[in-house]
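The structure appears right after this line, and notes come after that.
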Amino acid sequence: GQSLEQPSEVTAVEGAIVQINCTYQTSGFYGLSWYQQHDGGAPTFLSYNALDGLEETGRFSSFLSRSDSYGYLLLQELQMKDSASYFCAVERDDKIIFGKGTRLHILP
Amino acid sequence: DAGVTQSPTHLIKTRGQHVTLRCSPISGHKSVSWYQQVLGQGPQFIFQYYEKEERGRGNFPDRFSARQFPNYSSELNVNALLLGDSALYLCASSLGGESDRRTSRYGYTFGSGTRLTVV
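Chains A and B, in that order, give the protein sequences.
Just so we're aligned, residue 37 is where the first sequence starts under the working numbering, counting upward by one.
Just so we're aligned, residue 254 is where the second sequence starts under the working numbering, counting upward by one.
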């Protein structure tokens, strides 16, 4: 089947670095995307990895390894406003599949 | 520029009724997709449309249907509502879809959603 696995919750300290992992059991997808969603808000696009390797966008970086069926989102210099849910997603056969999301808690 | 707009924002319906949700994409975006999101879960893909044609369909019953209009706006229709249809319904628009069907590379811009409650 097609599924994306993420940890349900992650806790980190303000100013620190946190990594949110995404493993998948699907092949033939186009790339790995990441979205952020605050409580009561809409998902917002963070990054897209078409190829293996690291993509950096400001404090956020995303990584993909197709050979390991694995990707991650790296958040640096954590701020309280980064408290949100984070979703990985893939597109395959004109369908978009989201993971169940990781709730990021940030401690002051 | 206006973002993706959805209407209504909230809706309460009775079991067995029909509902129509509306979405206007960002200007220039020809691809529209619909998702159902229940609390604590990721968005579940329902449909993707491009140039008025259905491009993709998720694992939802035939009670769910959609269409896209010449101005690229879209409607999601749900018939014979069940209690389990209560959820946040999200619409997203994206660039791409012409020669390259891979719309996810451009990122999806989501609307704020319609909160549907079925009682």
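Cβ coordinates follow ideal geometry from the N, Cα and C atoms, glycine included.
Spatial neighbours of residue i within its chain, please: CB distance less than 8 Å, with the 5 preceding and 5 following residues excluded, ordered by chain position.
i: serine 357 of chain B; result: Ser347
i: alanine 125 of chain A; result: Leu40, Leu68, Ser69, Trp70, Tyr71, Ile132, Ile133, Phe134, Gly135
i: glutamate 306 of chain B; result: Gln321
i: proline 43 of chain A; result: Ile56, Asn57, Thr138
i: glutamine 290 of chain B; result: Pro296, Gln297, Ala340, Leu341, Tyr342, Leu343, Gly366
Would the beta-carbon of residue i be found less than 7 Å away from any heavy atom of the ligand GTP?
i: glycine 89 of chain A; result: What this structure holds is no ligand at all, so the ligand GTP is not there to describe.
Ordered along the chain, which non-local residues of its own chain (more than five positions away) have a Cβ less than 7 Å from that of residue i?
i: arginine 102 of chain A; result: Asp88
i: arginine 310 of chain B; result: Phe300
i: alanine 333 of chain B; result: Gly269, Arg316
i: aspartate 338 of chain B; result: Val331, Leu369, Val371
Give the straight-line distance between the Cα atoms of residue i and residue j, rounded to the nearest whole angstrom.
i: arginine 368 of chain B; j: serine 260 of chain B; result: 10 Å
i: glycine 51 of chain A; j: tyrosine 122 of chain A; result: 18 Å
i: tryptophan 47 of chain A; j: leucine 140 of chain A; result: Strictly speaking, residue 47 of chain A in this sequence is threonine, with tryptophan absent from that position. If I take the Cα positions, the gap works out to 6 Å.
i: tryptophan 287 of chain B; j: valine 49 of chain A; result: 35 Å
i: serine 365 of chain B; j: alanine 120 of chain A; result: 16 Å
i: leucine 100 of chain A; j: valine 372 of chain B; result: 43 Å
i: valine 54 of chain A; j: cysteine 344 of chain B; result: 30 Å
i: threonine 179 of chain A; j: glutamine 321 of chain B; result: There is no way to answer for residue 179 of chain A, as the model of chain A reaches only from 37 to 144.
i: lysine 131 of chain A; j: arginine 275 of chain B; result: 21 Å
i: glutamine 73 of chain A; j: glutamine 112 of chain A; result: 18 Å
i: proline 144 of chain A; j: proline 323 of chain B; result: 50 Å
i: aspartate 118 of chain A; j: leucine 110 of chain A; result: 12 Å
i: arginine 128 of chain A; j: threonine 62 of chain A; result: 9 Å
i: serine 327 of chain B; j: leucine 292 of chain B; result: 24 Å
i: tyrosine 84 of chain A; j: phenylalanine 65 of chain A; result: 12 Å
i: proline 296 of chain B; j: alanine 78 of chain A; result: 10 Å
i: glutamate 92 of chain A; j: threonine 267 of chain B; result: 47 Å
Are the CB atoms of residue j and residue i within a distance shorter than 8 Å?
i: isoleucine 142 of chain A; j: leucine 40 of chain A; result: no
i: leucine 82 of chain A; j: phenylalanine 96 of chain A; result: yes
i: alanine 319 of chain B; j: leucine 335 of chain B; result: no
i: serine 98 of chain A; j: threonine 59 of chain A; result: no
i: threonine 362 of chain B; j: valine 257 of chain B; result: yes
i: glycine 349 of chain B; j: tyrosine 359 of chain B; result: yes
i: serine 284 of chain B; j: tyrosine 303 of chain B; result: yes
Enumerate in chain order the residues of its own chain whose CB-to-CB distance from residue i is below 6 Å, with the five nearest sequence positions on each side excluded.
i: asparagine 57 of chain A; result: Tyr108
i: glycine 137 of chain A; result: Ser121, Phe123
i: histidine 201 of chain B; result: In the structure as shown, chain B starts at 254 and stops at 372, and residue 201 of chain B therefore has no counterpart that could be examined.
i: glycine 94 of chain A; result: none
Contact residues within the segment 103-133 of chain A, judged by C-beta distance below 8 Å to chain B: Phe123, Ala125, Val126, Glu127, Asp129, Asp130, Lys131, Ile132, Ile133
So, does the segment 261-272 of chain B touch the segment 301-315 of chain B, judging by three or more C-beta pairs under 8 Å? no
Pull out every residue of the segment 53-79 of chain A whose Cβ sits closer than 7 Å to any Cβ of chain B, in chain order. Tyr66, Gly67, Ser69, Ala78, Pro79
Of all the residues that make up the segment 297-324 of chain B, which are near chain A by a beta-carbon distance shorter than 7 Å? Phe298, Gln301, Arg308, Gly309, Gly311
Can you give me, in chain order, the residues of the segment 260-280 of chain B that have a beta carbon less than 8 Å from any beta carbon in chain A? none
Which residues of the segment 358-370 of chain B have a Cβ closer than 9 Å to any Cβ of chain A? Give them in chain order. Arg358, Tyr359, Gly360, Tyr361, Thr362, Phe363, Gly364, Ser365, Gly366
Members of the segment 338-350 of chain B that neighbour chain A once the beta carbon cut-off is set at 7 Å: Leu343
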